[in-house]
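The numbers in my numbering rise by one with no breaks, and the one at position 407 of the sequence shown is 1210. Beta carbons: idealized from backbone N, C-alpha and C, even for Gly. What you are looking at is a predicted structure, and each value in this text was computed from that prediction instead of being measured.
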Amino acid sequence: MRFLPINLDALMVELDDLEQALALLASLENDPIPGVEELVPAARTVMVMFQPAVQSMAALVREISRRDVNAPVERAGTLVEIPVHYDGDDLAEVAGLLGITPAEVVRRHTGSEYRVAFCGFAPGFAYLTGGHPSLDVPRRSTPRTRIPAGAVGLAGRFSGVYPQASPGGWQIIGTTPLAMWDIEREVPALLQPGFRVRFVDLSQSSAGSSTPIPVASGSALPAGDGQPAADTALEVLSAGLQTLFQDLGRSGQARQGVSASGAMDRAACKAANRLVGNLPGEACLETVNGGLRLRSLGETVVAVTGAELSLSVTSASGSCWQAARYQPIALADGDELALGEPVAGTRGYVAVRGGFDVRPVLGSCATDTLAHVGPPAVSAGDRLSVRAVQRGAVVGLSEQAPADLPGTQADVVLDSVLGPRTDWFTPEAVELLSQQRWQVTPQSNRVGLRLAGQSALTRAVSGELPSEGTVAGAIQVPPSGQPVLFLADHPLTGGYPVVGAVAPYHLDRAGQIPVGAWVRFNPIRSFAAVESSAA
804 MRFLPINLDA
814 LMVELDDLEQ
824 ALALLASLEN
834 DPIPGVEELV
844 PAARTVMVMF
854 QPAVQSMAAL
864 VREISRRDVN
874 APVERAGTLV
884 EIPVHYDGDD
894 LAEVAGLLGI
904 TPAEVVRRHT
914 GSEYRVAFCG
924 FAPGFAYLTG
934 GHPSLDVPRR
944 STPRTRIPAG
954 AVGLAGRFSG
964 VYPQASPGGW
974 QIIGTTPLAM
984 WDIEREVPAL
994 LQPGFRVRFV
1004 DLSQSSAGSS
1014 TPIPVASGSA
1024 LPAGDGQPAA
1034 DTALEVLSAG
1044 LQTLFQDLGR
1054 SGQARQGVSA
1064 SGAMDRAACK
1074 AANRLVGNLP
1084 GEACLETVNG
1094 GLRLRSLGET
1104 VVAVTGAELS
1114 LSVTSASGSC
1124 WQAARYQPIA
1134 LADGDELALG
1144 EPVAGTRGYV
1154 AVRGGFDVRP
1164 VLGSCATDTL
1174 AHVGPPAVSA
1184 GDRLSVRAVQ
1194 RGAVVGLSEQ
1204 APADLPGTQA
1214 DVVLDSVLGP
1224 RTDWFTPEAV
1234 ELLSQQRWQV
1244 TPQSNRVGLR
1254 LAGQSALTRA
1264 VSGELPSEGT
1274 VAGAIQVPPS
1284 GQPVLFLADH
1294 PLTGGYPVVG
1304 AVAPYHLDRA
1314 GQIPVGAWVR
1324 FNPIRSFAAV
1334 ESSAA
């Protein structure tokens, strides 16, 4: 095993091959290590996310290094048959690459049983191994901007099915009508790690039109939390650029290929809830660059935190006054609250006493914009119901507004940890990462900040990196050499090398950086693999 640092609370274990990665995953799942929060397996790695207060990285490495990675992994008994129309745009090209006919490609693809090795890239996207050994083809040199849901593809030795329309570089050989991801199922992802899979040619058989997996219909999660709703609401008069429901995210869903998502500035979300007497994990409205306007229907108490912006309240009679951030604001029936454009930071958070009566998805009200999981974006005309206030709620606790929100006037410095693929870059590129200023481009969003610098980062290793787990804060470097700083809605796995990651304590700060700002990375330690003998 090779142990590579990802961040202060994450570690990459690199192994020889997929079988060893799956053996380690099975060992860590069957005999958990205290403090480990999430495991993300990939082609030949396992990403381990842990609580440093419970388990130090050194102790974690010692414990993992003792595990047997050569033990056979028991195959699950569940078999899923996937019916396929073999009419993909790349079928003929794949046949040409392999020197066989398209019909032979289909015969080989349907003639072997596969196993779900791991999930990633998108919710419900499963990486399948174990097919015919000749089916080993490279990704497309130029990825498509849109591949439809249900597309069946090949990449390297993997097969997979796109659960939703998305960009992608896999070679598409067919399509299936079977839904890989359905949020209305009890378990939304049809394929789970360890499941067996067989592809069925629909032109040859009517079998496979359904799956043998028992699937419950309807939602497994009720609307709200079962508490009676009060006769109050907030009406959305204007949603601004983007307003979403966000809470502290949905951890523990890696097996379905779902990352945590959640508020970009978690501290601000927690503070807003505390100010109105809610539990810190209640859903808030996260709004970008101001412009949000709300009308109180009934009497409510709200609080606004996060970006430095103006707040104005207009009564039903037309009176207007300014309100303060990081303070409870009492709104009478008909009062309107308006958020101005930020002068520092970019995201504001609105909490209401009692909490929004919003339906959770996979245990969270967070909206993941990449995975399309969670409540839809808020729109003008929406009526956001407010739950009844629970007895004993305390309103008015003091909260301190941050004094150093990022802006466009001064460079934003982010502490960072080098790894796990720092050695894939030249020494000059590693030095350039911290010495050069990087500007946040308009293409940035909740998935990540796309950065542009005068000079690109150059790689020392030019080969293709097998997909592996990524964390919020990862600094991934695509072929352009211009880095992308992953944020809350980042993909669970990625295929470009990560040179470093923003330290966890600066993630909230990163989530408040506006477009046009300049970023500098400050490595807090040099890159080195963690030696198990020295740990």
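Continuous alpha helix (DSSP H) stretch holding residue i: start and end
i        : result
Ala-968  : Taken as a continuous stretch (DSSP letters only), Ala-968 belongs to no alpha helix (DSSP H), as it is neither H nor E.
Arg-949  : Not the alpha helix (DSSP H): Arg-949 falls in the beta strand (DSSP E), residues 947–950.
Ser-868  : 860–868
Leu-828  : 821–833
Asn-1076 : 1069–1078
Glu-916  : Counting along the chain, Glu-916 falls outside any alpha helix (DSSP H), and DSSP gives it neither H nor E.
Leu-1082 : From DSSP, Leu-1082 is part of no alpha helix (DSSP H); its letter is neither H nor E.
Leu-994  : That residue, Leu-994, is in no alpha helix (DSSP H); it is neither H nor E in DSSP.
Gln-896  : Strictly speaking, residue 896 in this sequence is Glu, with Gln absent from that position. Taken as a continuous stretch (DSSP letters only), the alpha helix (DSSP H) holding Glu-896 covers 894–901.
N-terminal and C-terminal residue of the beta strand (DSSP E) that residue i is part of
i        : result
Asn-810  : 805–810
Asp-1311 : No beta strand (DSSP E) holds Asp-1311; the alpha helix (DSSP H) holding it covers 1310–1313.
Glu-1139 : 1139–1142
Thr-1108 : 1103–1111
Gln-1049 : 1046–1049
Arg-999  : 999–1004
Val-1322 : 1321–1326
Glu-1234 : Unbroken run through Glu-1234 is the alpha helix (DSSP H), 1230–1238; no beta strand (DSSP E).
Glu-884  : 882–887
Gly-977  : 974–978
Ala-813  : 813–817
Cutoff 8 Å; reference residue i; Cβ partners in own chain excluding five residues on either side
i        : result
Gly-1029 : Confidence is the limiting factor: at Gly-1029 the pLDDT is only 45, short of 50, which leaves the residue's position unreliable, though a coordinate-based value still follows. Cβ within range, chain order: n/a, list empty.
Ala-968  : Arg-949, Ile-950, Pro-951, Ala-952
Val-1318 : Thr-1149, Val-1243, Thr-1244, Pro-1245, Ser-1247
Ser-1115 : Cys-1123, Trp-1124, Gln-1125, Ala-1126, Leu-1140, Ala-1141, Gly-1143
Val-1301 : Ile-809, Gly-1222, Pro-1223, Arg-1224, Thr-1273, Ala-1277, Ile-1278, Gln-1279, Val-1280
Asp-812  : Met-852, Phe-853, Gln-854, Pro-855, Pro-1307
Val-857  : Pro-837, Gly-838
Cβ neighbours of residue i in the same chain (closer than 7 Å, five flanking residues each side left out)
i        : result
Thr-979  : Ile-885, Pro-886, Val-887, Gly-953, Val-955, Val-964
Phe-806  : Leu-814, Val-816, Val-864, Ala-1332, Val-1333, Ser-1335
Thr-904  : Ala-898
Asp-893  : Gln-974, Ile-975, Ile-976
Ser-868  : Met-804, Ser-1335
Leu-1235 : Ser-1258, Leu-1260
Gln-995  : Val-919, Arg-1058
Nearest-angstrom beta carbon gap, residue j and residue i [assumed within contact, 8 Å]
i        : j        : result
Val-1039 : Val-1181 : 6 Å
Glu-1085 : Asp-1034 : Not a contact, Cβ separation roughly 19 Å.
Ile-986  : Val-1250 : With a Cβ gap of about 20 Å, Ile-986 and Val-1250 do not count as contacting.
Pro-808  : Pro-1223 : 6 Å
Ala-1259 : Gly-1284 : 3 Å
Pro-1083 : Val-1104 : Their Cβ separation, rounded to whole angstroms, is 16 Å, which puts Pro-1083 and Val-1104 out of contact at 8 Å.
Thr-848  : Glu-1267 : Going by Cβ atoms, the distance from Thr-848 to Glu-1267 rounds to 14 Å, so no, they are not a contact pair.
Asp-1214 : Arg-1240 : 6 Å
Arg-1341 : Gly-933  : The structure shown does not extend to residue 1341, since the chain spans only 804 to 1338, so no value can be given for it.
Other residues of its chain near residue i: CB distance less than 6 Å, five sequence neighbours each side excluded
i        : result
Arg-960  : Asp-939
Ala-1019 : For Ala-1019, the predicted structure reports a pLDDT of 30, less than 50, and the residue's modelled location is therefore unreliable. The matter cannot be settled from this model.
Arg-1001 : Glu-884, Glu-916
Ser-1265 : none
Pro-1064 : Reading off the sequence, residue 1064 comes out as Ser, not Pro. If we look at Ser-1064 and ignore the five residues flanking it on each side, its Cβ neighbours are Gly-1052, Ala-1169, Asp-1171, Ala-1291, Asp-1292.
Leu-981  : Ile-885
Gly-1166 : Arg-1053
Q: Say whether the stretch 1117–1136 touches the stretch 1298–1316, bearing in mind that this needs 3 or more beta-carbon pairs closer than 8 Å, one atom from each stretch.
A: no
Q | Sequence ranges, beta strand (DSSP E) only - wholly within the stretch 1152–1205, length at least 3 | A | The qualifying runs are 1186–1190.
Q: Could you tell me whether the stretch 1169–1181 touches the stretch 1142–1151, using the rule of 3 or more Cβ pairs below 8 Å?
A: no
Q | At least 3 beta-carbon pairs within less than 8 Å: the stretch 808–820 vs the stretch 1310–1317 | A | no
Q. Would you say the stretch 1291–1301 touches the stretch 919–930, given that touching needs at least three Cβ pairs under 8 Å?
A. yes
Q | the stretch 1053–1061 in contact with the stretch 827–845 per 3-pair CB rule at 8 Å | A | yes
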